[in-house]
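Per this note's numbering, the sequence shown starts with residue 3, numbered consecutively.
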Amino acid sequence: DQPGWGALSFDERAKLKSRQGVPYVMGGETVRVVDTQMCDVPSDGEALGEVVMRGNNVMTGYYNDAEATAKAFDGGWFHSGDLGVRHPDGYIELKDRSKDIIISGGENISSQEVEKTLMEHPAVLEVSVIGTPDEKWGEVPKAFVAPREGAEVSAEELIAFVRERLAHFKAPKHVEFGELPKTATGKIQKYVLREREWQGREKRIKG
């Protein structure tokens, strides 16, 4: 158990245990959360970085693919592609996949965090959030929303809903209503939305 665990209330324990991620016992020299310069992010539960790892339980490379291996082990650590935060107690909480992170004006935005917040609105049935081209910021969040049957909600209402719960820069700048593209098994095809939004344009990130 963590130090002080017995002194926590039931609600406090439940909140800590509900975090999706890696227990602090795997921290230290085997699992880190780093920025683009391979420096550890602050253990504040807010700073987003990539989860990297090394150790006997980590693969040594890709079969017959030296280029992919070199990329995956840049800096001597295996890059998982998962983005997360490290809490003050050392716990690593996973937030998103690196390919699903929106970089707007140099700020990292987890599309899953925005999606989770929008799903709390009673009028939202399904949602997918991606980065869409923006001349000033490189890309900004855009939400594709399938409303519940009979529900009436405006883009402005949903944007305000997110701004009340997350940092303002994380709120969608655009909202589009309609049916979402899905696979045969019902999984939302986020890449279809990305390809449509970025068609004919190079993805540019402005810091």
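The beta carbon of each residue, even a glycine, is placed where N, CA and C say it ideally should be.
Predicted, not measured: the structure shown is a model, and the values here were computed from it.
Fill in: Neighbour-count burial assignment, Phe179, 16 or more Cβ in a 10 Å radius
exposed
Fill in: Contact check, Gly51 vs Val33, beta carbons under 8 Å
no
Worksheet item: Do you know offhand how far Asp102's Cα is from Val131's?
Response: 9 Å
Worksheet entry | Close Cβ partners of Arg150 (< 8 Å) along its chain, the five nearest in sequence each way excluded | Pro124, Ala125, Val126 and Leu127
Discussion item. According to DSSP, is Leu195 part of a helix, a strand, or is it coil?
Written reply: helix
Discussion item. For Arg203, tell me which candidate among Thr187, Gly133 and Glu166 has the shortest Cα-Cα distance.
Written reply: Gly133
Worksheet item: From this set, Gly57, Leu120 and Gly47, which residue's C-alpha is nearest Phe80's C-alpha?
Response: Gly57
Worksheet entry | Separation of Asn59 from Thr71, as counted between CA atoms | 16 Å
Worksheet item: Is it buried or exposed for Pro90, if we count other Cβ within 10 angstroms and need 16 for buried?
Response: exposed
Practice prompt. Could you tell me which residues DSSP puts in a beta bridge with Ala148?
Written response: Glu128
Practice prompt. Identify every residue that forms a DSSP beta bridge with Lys184.
Written response: Ile190
Worksheet item: Among Lys189, Val142 and Asn110, which has the Cα closest to the Cα of Trp200?
Response: Val142
Discussion item. DSSP three-state label for His81, please.
Written reply: strand
Practice prompt. Alpha carbon to alpha carbon, how far is Ala162 from Gly181? Give it in angstroms, no decimals.
Written response: For the record, residue 181 in the displayed sequence is Glu; it is not Gly. For Glu181 and Ala162, the distance between alpha carbons rounds to 22 Å.
Discussion item. Just verifying my parser: in three-state terms, what is the DSSP assignment at Phe75?
Written reply: coil
Fill in: Option in Ser106, Met40, Ser100 and Pro135 with minimal Cα separation from Gly78
Met40
Discussion item. Rounded to the nearest angstrom, what separates Thr187 and Ser113 at their Cα positions?
Written reply: 22 Å
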